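Engineer: Just dropping this structure here.
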Amino acid sequence: MALYPAQFVEDLKQHADIVVVIQDYVSLKKSGANYKGLCPFHNEKTPSFTVNRDKGFFHCYGCSAGGDVIKFLELHDKIGFVDAVKQLAQRFGLSLPELEANDEQRASSAERETLLKVHEAAAKWFREQLLSAAGARIRKYIADRGINDATSDAQGLGFAPPGREGLKQALMTQGFSQATLVKSGLLVQRDDGQTIDRFRNRLMIPIGRDTGSIIAFGGRALDKDQQPKYLNSPETPIYSKSRTLYGLHLSKAVIRQSGFVILVEGYFDFGQVFQAGFPVVASCGTALTPQQAQQLRRFVGKVVLSYDPDAAGQGAAARSSELLVAEGFEVNVATLPAGADPDTFIQKNGVAAYGERLKLSQPYLDYLVDRTAAGHNLNSDEGRVKFLADMLPVAARIPDAAMRDRFGDRLAFKARVTDEVVRAQIRKAAVQKQTTVLRDGVPSRLLSGFGNVTKAEKGLIWWLIHEPGPALTALESLEAEEIEPLAGRSVLDLARQLNENRGFSPSVLLERLSTVEAQLVTGIASEKEPHVNDAESCAQIIRRMRCEREHAAIQREIDHLQELGATEHSSRIDALWAQKHEILRRLEGLI
Ligand SMILES: [Zn+2]
538 MALYPAQFVE
548 DLKQHADIVV
558 VIQDYVSLKK
568 SGANYKGLCP
578 FHNEKTPSFT
588 VNRDKGFFHC
598 YGCSAGGDVI
608 KFLELHDKIG
618 FVDAVKQLAQ
628 RFGLSLPELE
638 ANDEQRASSA
648 ERETLLKVHE
658 AAAKWFREQL
668 LSAAGARIRK
678 YIADRGINDA
688 TSDAQGLGFA
698 PPGREGLKQA
708 LMTQGFSQAT
718 LVKSGLLVQR
728 DDGQTIDRFR
738 NRLMIPIGRD
748 TGSIIAFGGR
758 ALDKDQQPKY
768 LNSPETPIYS
778 KSRTLYGLHL
788 SKAVIRQSGF
798 VILVEGYFDF
808 GQVFQAGFPV
818 VASCGTALTP
828 QQAQQLRRFV
838 GKVVLSYDPD
848 AAGQGAAARS
858 SELLVAEGFE
868 VNVATLPAGA
878 DPDTFIQKNG
888 VAAYGERLKL
898 SQPYLDYLVD
908 RTAAGHNLNS
918 DEGRVKFLAD
928 MLPVAARIPD
938 AAMRDRFGDR
948 LAFKARVTDE
958 VVRAQIRKAA
968 VQKQTTVLRD
978 GVPSRLLSGF
988 GNVTKAEKGL
998 IWWLIHEPGP
1008 ALTALESLEA
1018 EEIEPLAGRS
1028 VLDLARQLNE
1038 NRGFSPSVLL
1048 ERLSTVEAQL
1058 VTGIASEKEP
1068 HVNDAESCAQ
1078 IIRRMRCERE
1088 HAAIQREIDH
1098 LQELGATEHS
1108 SRIDALWAQK
1118 HEILRRLEGL
1128 I
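Each residue of the sequence shown is one higher than the one before, starting from 538 at the first, in the working numbering.
Encoded structure:
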């Protein structure tokens, strides 16, 4: 991605007064040192949205939205960083530094624009065919599947007639070249050099970006023996399957309002759930990718998985759920009776019954433990070992250390083995996992869900924004192992990285945070008082926490061995006592 020089972005933020920018959208009133108004990101009657002009950030106490002036535009206008910067530069009269585009890049951006126009024209043509006399049979098919006209219209459903050149001729008449049409994937070139329509005799489903521009199509077969059942556009300069979630552009407003999204598998599941008024997107048969999850992240932090029961918890569905958990989403699974999918279930049982299923949805990890346990005989050693072997990789993918520990306890309980043994295994698995968590060579900051952020971490984050000097000294005095188990480690790690590269300032920190991290940081920074009197005390408490964790682990093991028989295990117990005293001595030194 093209980036602007850091210095330019800093200058821009100096010029672009956050109060002035936000006032375009929200009426703000001065309140003490801050400004207050009604939050544009959630519905409210009393203002909980605050803007801190001095530190350059906003924060909402109601919905936790937060960030700097650039993040505000990104969230409010649903645009990317580069566009937000452009918009601000224009508004405040700064000339943008050249994003060095060479001829090739200029050509490719012109090409992308043309491809978008082709898709728009094609969608319009497919729609016209559906609404024509020839489309009557397809309109009946759609109605028979329980999709009403309004939903069909919103989805932009269309019809590709059986002929070989219908679309080709229509689009070439509109001036698009054959080469462009081949590149768009709407035409295929045969061995004899002839080009024909890719989609023939199919129900057409336009696939859009979250902005609504159409970038690809899915085509469903209309005859029984027609293969394949679903035919999709190939990857093109504007369409990457792994970066696209079906239906996001239609659902994003409802998703934002509801605070969760339902993830379904197919286009018809989507249509039915969307028609029922629920917030929904579809993965369309493939496992979710990190890029898709990050896209979703911009709108919501909670996902309810609604796959058909045979597929849930296995294959693509399981991989999607685990990815979402690893990306810090709260994930629930809604189960349906065997043989049903959301599409057929709603048609048969109605919207209220489906809503009931959603209410009864279970947190993913609970669901998985129950389901996996049911598949093994936990009364046999062999069954317990297999159960743990299945569950440990799942545990290892939980980003939050405290959550991982709690999950370890549940596994231990199910498999009836002692906590410490399981926890040790989970930790081992988690360490092995970390090597694969590196994405593009950079540890993904998104991977941390914020479980329990302790007072000491909050204190340190507060000081990083309000008095960075001593806070950085305290932060640097911590060891990596002391930061690793913390819920807020991604923020602390980022601050350390910036400091090591001599680039730390509260403003740069805010700019580099992900949306969720920005919520955490601005929430803490808007508090009047820090949670801990000074930064050094925060570091001290974090050091103590590590000792206490180690102490508790040793104590658990001692308790366990004593239950098994103190005399038998006396030498091991003695060794543990010695370790325990060493830790207690260290703890005293830390008070
Ligand atoms: Zn809000």
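Heads up, the beta-carbon is just placed ideally off N, CA and C, and yes, glycines get one too.
A quick note: this is a predicted structure, and the numbers were derived from the prediction, not measured.
Assuming Gly-722 and Thr-773 form a contact by the criterion Cβ under 8 angstroms, report the distance between their Cβ atoms to the nearest whole angstrom.
Structural biologist: 5 angstroms
Engineer: Kindly identify the DSSP beta-bridge partner or partners of Gly-695.
Structural biologist: Met-741
Engineer: Straight-line CA distance for Ile-751 to Glu-1094?
Structural biologist: 59 angstroms
Engineer: Assuming Glu-867 is part of the beta strand (DSSP E), what are its boundary residues?
Structural biologist: Here the beta strand (DSSP E) through Glu-867 covers 867-870.
Engineer: Between Val-1028 and Leu-1009, is the Cβ-Cβ spacing less than 8 angstroms?
Structural biologist: no
Engineer: Need the endpoints of the alpha helix (DSSP H) that Ala-626 sits in, please.
Structural biologist: 618-628
Engineer: Would Glu-1021 pass as a contact of Arg-1080 if the rule is Cβ separation under 8 angstroms?
Structural biologist: no
Engineer: Going by alpha carbons, who is nearest to Met-709 out of Trp-662, Arg-1033, Met-741?
Structural biologist: Trp-662
Engineer: Which residue spans inside the stretch 776-836 form an unbroken alpha helix (DSSP H) run of at least 4?
Structural biologist: 785-795, 804-812, 827-834
Engineer: Would the beta-carbon of His-613 be found less than 7 angstroms away from any heavy atom of ligand 1?
Structural biologist: no
Engineer: Beta carbon of His-1088: closer than 7 angstroms to some heavy atom of ligand 3?
Structural biologist: Among the ligands present in this structure, namely ligand 1, ligand 3 is not found.
Engineer: Name the residue from Thr-1059, Ala-1090, Leu-652, Trp-1000 whose alpha carbon lies nearest to the alpha carbon of Val-1069.
Structural biologist: Trp-1000
Engineer: Sorry if obvious, but does the Cβ on Gly-1196 come closer than 7 angstroms to a heavy atom of ligand 1?
Structural biologist: Within the shown structure, residues of the chain are numbered from 538 to 1128, placing residue 1196 beyond reach of any answer.
Engineer: Smallest Cα separation from Tyr-891: which of Arg-590, Gln-809, Arg-943, Val-837?
Structural biologist: Gln-809
Engineer: By Cβ distance below 6 angstroms, which residues in the same chain neighbour Gly-672 in space, the five residues on each side in sequence not counted?
Structural biologist: Gln-666, Phe-696
Engineer: Pick helix, strand or coil for Pro-771, following the three-state DSSP scheme.
Structural biologist: coil
Engineer: Apart from the five residues on each side of it in sequence, which residues of its chain come closer than 7 angstroms, Cβ to Cβ, to Leu-575?
Structural biologist: Val-563, Glu-581, Pro-584, Phe-586
Engineer: What's the gap between the Cα of Leu-948 and the Cα of Ala-933?
Structural biologist: 12 angstroms
Engineer: In angstroms with no decimal places, state the Cα-to-Cα distance between His-1106 and Ala-824.
Structural biologist: 48 angstroms
Engineer: Per the DSSP calculation, Asn-571 is bridged to which residue(s)?
Structural biologist: Ser-568
Engineer: Between the stretch 909-917 and the stretch 832-848, are three or more C-beta pairs nearer than 8 angstroms?
Structural biologist: no
Engineer: How is Gln-731 classed by DSSP in three states: helix, strand or coil?
Structural biologist: coil
Engineer: With a floor of 4 residues, list each alpha helix (DSSP H) that falls wholly inside the stretch 1011-1058, ordered by position along the chain.
Structural biologist: Taken in chain order, the unbroken stretches of alpha helix (DSSP H) that lie wholly in the stretch 1011-1058 and span 4 residues or more are 1017-1020, 1026-1037, 1043-1049.
Engineer: Please name the residue, chosen from Ala-911, Leu-842, Gly-887, Pro-874, that lies closest to Gln-899 on a Cα-to-Cα basis.
Structural biologist: Leu-842
Engineer: Report yes if the CB atom of Leu-625 is closer than 8 angstroms to the CB atom of Leu-565, and no otherwise.
Structural biologist: no
Engineer: Indicate, with yes or no, if ligand 1 has a heavy atom lying under 7 angstroms from the CB of Gly-599.
Structural biologist: yes
Engineer: What's the gap between the Cα of Phe-736 and the Cα of Leu-768?
Structural biologist: 8 angstroms
Engineer: Are the beta-carbon atoms belonging to Gly-1061 and Glu-1087 less than 8 angstroms from one another?
Structural biologist: According to the sequence as given, residue 1061 is Ile; it is not Gly. Taking the C-beta atoms as reference points, Glu-1087 is found no nearer than 8 angstroms to Ile-1061.
Engineer: Count the other CB atoms within 10 Å of the CB of Glu-802; is the residue buried (16 or more) or exposed (fewer)?
Structural biologist: Looking at its Cβ environment, which holds 16 or more other Cβ atoms inside 10 Å, Glu-802 is buried.
Engineer: Taking the DSSP output, what are the residues bridged to Lys-839?
Structural biologist: Glu-867
Engineer: Within the continuous beta strand (DSSP E) that includes Gly-912, where are the two ends?
Structural biologist: Segment: none, Gly-912 is in no beta strand (DSSP E) and carries neither H nor E.
Engineer: I'd like to know whether the C-beta atoms of Ala-993 and Ile-1078 end up nearer to each other than 8 angstroms.
Structural biologist: yes
Engineer: Should the stretch 676-696 be regarded as contacting the stretch 718-732, the criterion being three or more beta carbon pairs within less than 8 angstroms?
Structural biologist: no
Engineer: Starting from His-596, follow the beta strand (DSSP E) in both directions and report where the run begins and ends.
Structural biologist: 594-597
Engineer: What's the gap between the Cα of Leu-1134 and the Cα of Leu-782?
Structural biologist: Past the edges of the chain, shown from 538 to 1128, lies residue 1134, and the structure says nothing about it.
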